[in-house]
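Those protein sequence lines, which keep their order, are chains A, B, C and D.
According to this note's numbering, the first sequence is numbered sequentially starting from 22.
According to this note's numbering, the second sequence is numbered sequentially starting from 22.
According to this note's numbering, the third sequence is numbered sequentially starting from 22.
According to this note's numbering, the fourth sequence is numbered sequentially starting from 22.
Structure record follows, encoded as structure tokens.
There are 4 protein chains.
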Amino acid sequence: MQVTVTEAARRKQITEAATEVIAADGYQRASYARIVEHAGLSSTRLISYHFRDKNDLMMAVLIAAIGTVDERMTARLDGVTDRVGMLRGYIESQVGLLRTHPAQVKAIREIAQNLPDLAPVLADFRVGRLARQLTQGQREGVFAEFDVRVMARTIASGIDGADSEDYGRELADLFIRACVG
Amino acid sequence: MQVTVTEAARRKQITEAATEVIAADGYQRASYARIVEHAGLSSTRLISYHFRDKNDLMMAVLIAAIGTVDERMTARLDGVTDRVGMLRGYIESQVGLLRTHPAQVKAIREIAQNLPDLAPVLADFRVGRLARQLTQGQREGVFAEFDVRVMARTIASGIDGADSEDYGRELADLFIRACVG
Amino acid sequence: MQVTVTEAARRKQITEAATEVIAADGYQRASYARIVEHAGLSSTRLISYHFRDKNDLMMAVLIAAIGTVDERMTARLDGVTDRVGMLRGYIESQVGLLRTHPAQVKAIREIAQNLPDLAPVLADFRVGRLARQLTQGQREGVFAEFDVRVMARTIASGIDGADSEDYGRELADLFIRACVG
Amino acid sequence: MQVTVTEAARRKQITEAATEVIAADGYQRASYARIVEHAGLSSTRLISYHFRDKNDLMMAVLIAAIGTVDERMTARLDGVTDRVGMLRGYIESQVGLLRTHPAQVKAIREIAQNLPDLAPVLADFRVGRLARQLTQGQREGVFAEFDVRVMARTIASGIDGADSEDYGRELADLFIRACVG
DNA sequence: AATGAATGAGCGTTCATTCAT
DNA sequence: GATGAATGAACGCTCATTCAT
Chain A
22 MQVTVTEAAR
32 RKQITEAATE
42 VIAADGYQRA
52 SYARIVEHAG
62 LSSTRLISYH
72 FRDKNDLMMA
82 VLIAAIGTVD
92 ERMTARLDGV
102 TDRVGMLRGY
112 IESQVGLLRT
122 HPAQVKAIRE
132 IAQNLPDLAP
142 VLADFRVGRL
152 ARQLTQGQRE
162 GVFAEFDVRV
172 MARTIASGID
182 GADSEDYGRE
192 LADLFIRACV
202 G
Chain B
22 MQVTVTEAAR
32 RKQITEAATE
42 VIAADGYQRA
52 SYARIVEHAG
62 LSSTRLISYH
72 FRDKNDLMMA
82 VLIAAIGTVD
92 ERMTARLDGV
102 TDRVGMLRGY
112 IESQVGLLRT
122 HPAQVKAIRE
132 IAQNLPDLAP
142 VLADFRVGRL
152 ARQLTQGQRE
162 GVFAEFDVRV
172 MARTIASGID
182 GADSEDYGRE
192 LADLFIRACV
202 G
Chain C
22 MQVTVTEAAR
32 RKQITEAATE
42 VIAADGYQRA
52 SYARIVEHAG
62 LSSTRLISYH
72 FRDKNDLMMA
82 VLIAAIGTVD
92 ERMTARLDGV
102 TDRVGMLRGY
112 IESQVGLLRT
122 HPAQVKAIRE
132 IAQNLPDLAP
142 VLADFRVGRL
152 ARQLTQGQRE
162 GVFAEFDVRV
172 MARTIASGID
182 GADSEDYGRE
192 LADLFIRACV
202 G
Chain D
22 MQVTVTEAAR
32 RKQITEAATE
42 VIAADGYQRA
52 SYARIVEHAG
62 LSSTRLISYH
72 FRDKNDLMMA
82 VLIAAIGTVD
92 ERMTARLDGV
102 TDRVGMLRGY
112 IESQVGLLRT
122 HPAQVKAIRE
132 IAQNLPDLAP
142 VLADFRVGRL
152 ARQLTQGQRE
162 GVFAEFDVRV
172 MARTIASGID
182 GADSEDYGRE
192 LADLFIRACV
202 G
């Protein structure tokens, strides 16, 4: 019994299943067999057919997850203009994603951890937006003088260690103190 | 041609090779075959002979690496009494280990990441010492009021994101500012 | 050179080869390697592909063997109505299977012996049919009073010890004497 | 710490441990590793030292177990002169051994099953004594005319299928009926 | 009489991928 | 756009045995 759907729909089905498997079982255990089982597909051949190889699949998962997460971040920070509010909003929003989009967040981390060549690229991407805001805040005299790159990466690291929204608020307090100095 | 050495020497040879392979290739790629090749041993059977199973080997690697790292940390913090100096010393020493003991540090992270039951235990172990120092600093009025647990975990996360000793110094500045408030 | 056949045909080829290997070498020596060699397949991977695991393969072997054996038994006892004739037919047919279907009979025994959870189920299955016939014979007054369960199991044990059709006839004489009493 | 005992004592310790492991886990799972663990020995080397190879060890286990079992049988049948009483005594005593010497009985069966060359020898040995008694009973006119070899083997098979002393008594009734005819 | 250390061969299973329609 | 079938390589682990004191 052969079910035919569009290329795009099939790719989406597979990347979503892969995202959930990676989040649940970790990158290394996210084999074609497990993804196929989770998605209820007929055979691993369907993955090979729609993705060149496993790396190709992982890139698709990553791009989709980053897209979703970024969209939410943009929406929640839209219209926030004061620097301190932006910093708090950034941190709390990111931590909040753990609850609203756990699979995407975990999948991004797993993939970044397991594809070493990707980690710095992802880190730069993630840190870039924040670093620009911090630099602007320093120019406006709202933030003290500190190494913007170190601060941005440390904030990102801190967010990765968070596990609740209470923790996120404490984290925001902490880094506002460190930035305002 | 059969080469015989003592049990202890062989175990050490294997754990050291395993440490290096884990650091270089990651936990998941640290197979018996790779370890044996790296150590120049005759067969993977030698590992099975000296370690009950792979988990047993990994625990031996972990214990050895933590022992080495802890010894260095203790030596470098010995005699430091003021809280701020301790905090700087802790952060800079930990970051410094990345250069002096890269394999041990990376192996500890890899093992913690890949043995999920172990991660919280290791995290508590690592954060505990720091949290006690922070609490004491608050009692003495040197540090501001903040959530000690969040601060300790954030410092640990920040250290994990570091990649140079310059970075470590900036990190110390940052967290001293956040703690002294 | 890749040879492709249907799933069903391949499964049958593998179960038949497995049946023969088990009968010849015993359950424990029936490794994937031996089965593949016996069947002339390209690699053990073919077995893993068509059967979930070794237990799955063994169940397939068992079901096929029992099916074959049962079919023969049913055919040979069909239309036999008198109790004594049935008893003789049952014993001689079962012993006869040793010559006509030696691999199936031996494979069933090997699997039952080596999968302990299975032994009682198989024993009940085998003994059940016989026990019902014996009980009915007692009701009709053809058979003496004896413990039906013990008699049925003893007949089954006796059959398992048989090694020729002459032996089977003697066995039938013996148990008819014991039953008619 | 090297403990030295006599050759004979050590062999006995090992064969007894092996007997228990075989009885508990089956012949195939009775590896040197398991035997050594069960006996509390320092290494498998101790087995290799005292026994030429695994077959040698199994023969020692078998001889010891048969010796024990035979001794009991002889003691219990000593002085029994009437044929029917002997037959009942033989069957009930053998079944009784299952309770009094379960490890020896199970070990003998396991070894016989797994060393195919041995099975007929053991069967003859076991059946011989019984067959002579049955023949004598026929000469005396106590027993009917039947194939002594088949009867003896069937009795032995029936005993192997027994699992309680009640079952043993039923079995004795059954075979007395079949023999006296 | 005993030991410590080492070993090659084999096991079932999982992996992502490829062949052939 | 989708499938069924096949594959070689690698995995951790266990086996009885042998080397060397």
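We put the beta carbon where it would ideally sit given N, CA and C, even for glycine.
Any idea what DSSP makes of residue i, helix, strand or coil?
{"i": "D77(A)", "result": "helix"}
{"i": "E166(A)", "result": "coil"}
{"i": "A51(D)", "result": "coil"}
{"i": "T25(C)", "result": "coil"}
{"i": "V171(B)", "result": "helix"}
{"i": "L136(B)", "result": "coil"}
{"i": "L62(C)", "result": "coil"}
{"i": "G202(A)", "result": "coil"}
{"i": "D194(A)", "result": "helix"}
{"i": "V82(B)", "result": "helix"}
{"i": "G189(B)", "result": "helix"}
{"i": "L91(A)", "result": "One point to set straight first is that residue 91(A) is Asp, not Leu, in the sequence displayed. Residue state, collapsed to three classes: helix."}
{"i": "V126(B)", "result": "helix"}
{"i": "V57(B)", "result": "helix"}
For the alpha helix (DSSP H) that residue i lies in, which residues bound it at each end?
{"i": "Y111(D)", "result": "104 to 121"}
{"i": "P141(A)", "result": "140 to 160"}
{"i": "A45(A)", "result": "28 to 46"}
{"i": "A183(C)", "result": "Where A183(C) is concerned, there is no enclosing alpha helix (DSSP H), given that its DSSP letter is neither H nor E."}
{"i": "S69(A)", "result": "66 to 71"}
Applying the 10 Å Cβ sphere with the 16-neighbour rule, what's the burial state of residue i?
{"i": "T175(A)", "result": "buried"}
{"i": "T36(B)", "result": "buried"}
{"i": "T102(B)", "result": "exposed"}
{"i": "R160(B)", "result": "exposed"}
{"i": "M22(B)", "result": "exposed"}
{"i": "Y70(D)", "result": "exposed"}
{"i": "G162(D)", "result": "exposed"}
{"i": "G61(B)", "result": "exposed"}
{"i": "G189(B)", "result": "buried"}
{"i": "V171(C)", "result": "buried"}
{"i": "T40(A)", "result": "buried"}
{"i": "I112(A)", "result": "buried"}
{"i": "E131(D)", "result": "buried"}
{"i": "G149(C)", "result": "exposed"}
{"i": "I180(A)", "result": "buried"}
Under 8 angstroms, do residue i and residue j count as touching if we go by C-beta distance?
{"i": "E186(A)", "j": "V116(A)", "result": "yes"}
{"i": "L155(C)", "j": "V169(C)", "result": "yes"}
{"i": "V42(C)", "j": "A29(C)", "result": "no"}
{"i": "A128(D)", "j": "A44(D)", "result": "yes"}
{"i": "A177(C)", "j": "R147(C)", "result": "yes"}
{"i": "L136(A)", "j": "S114(A)", "result": "no"}
{"i": "V126(B)", "j": "V82(B)", "result": "no"}
{"i": "R93(C)", "j": "H122(C)", "result": "yes"}
{"i": "F164(A)", "j": "V201(A)", "result": "yes"}
{"i": "Q134(D)", "j": "Q134(C)", "result": "yes"}
{"i": "R9(C)", "j": "A152(D)", "result": "With chain C running from 22 to 202 in the structure shown, residue 9(C) is simply not present."}
Tell me whether residue i counts as near the ligand SAM, meaning its Cβ is closer than 7 angstroms to at least one heavy atom of that ligand.
{"i": "L136(B)", "result": "Among the ligands in the structure shown, none appear at all, so the ligand SAM cannot be discussed."}
* Below 7 angstroms between beta carbons is the criterion; list the residues of the stretch 161 to 172 of chain B that meet it against any residue of chain A, in chain order. => Listed by position, the residues of the stretch 161 to 172 of chain B near chain A (Cβ gap below 7 angstroms) are F167, D168, V171, M172.
* Mind checking the stretch 183 to 195 of chain A against chain B and listing, in chain order, the residues whose C-beta falls within less than 8 angstroms of any C-beta there? => Listed by position, the residues of the stretch 183 to 195 of chain A near chain B (Cβ gap below 8 angstroms) are Y188, E191, L192, D194, L195.
* Asked: Which of the residues in the stretch 28 to 56 of chain C, read from start to end, lie with their CB under 8 angstroms from any CB of chain D?
  -> Within the stretch 28 to 56 of chain C, the qualifying residues are G47, Q49.
* Cβ-based contacts, 9 angstroms cut-off: residues of the stretch 118 to 136 of chain D near chain C -> Listed by position along the chain: Q134, N135.
* Contact list for the stretch 64 to 76 of chain A against chain B, Cβ threshold 9 angstroms -> Within the stretch 64 to 76 of chain A, no residue qualifies.
* To do: Could you name the residues of the stretch 81 to 93 of chain D whose beta carbon sits closer than 9 angstroms to any beta carbon of chain C, in the order they occur along the chain?
  => Taking 9 angstroms as the cut-off between beta carbons, none of the residues of the stretch 81 to 93 of chain D comes near chain C.
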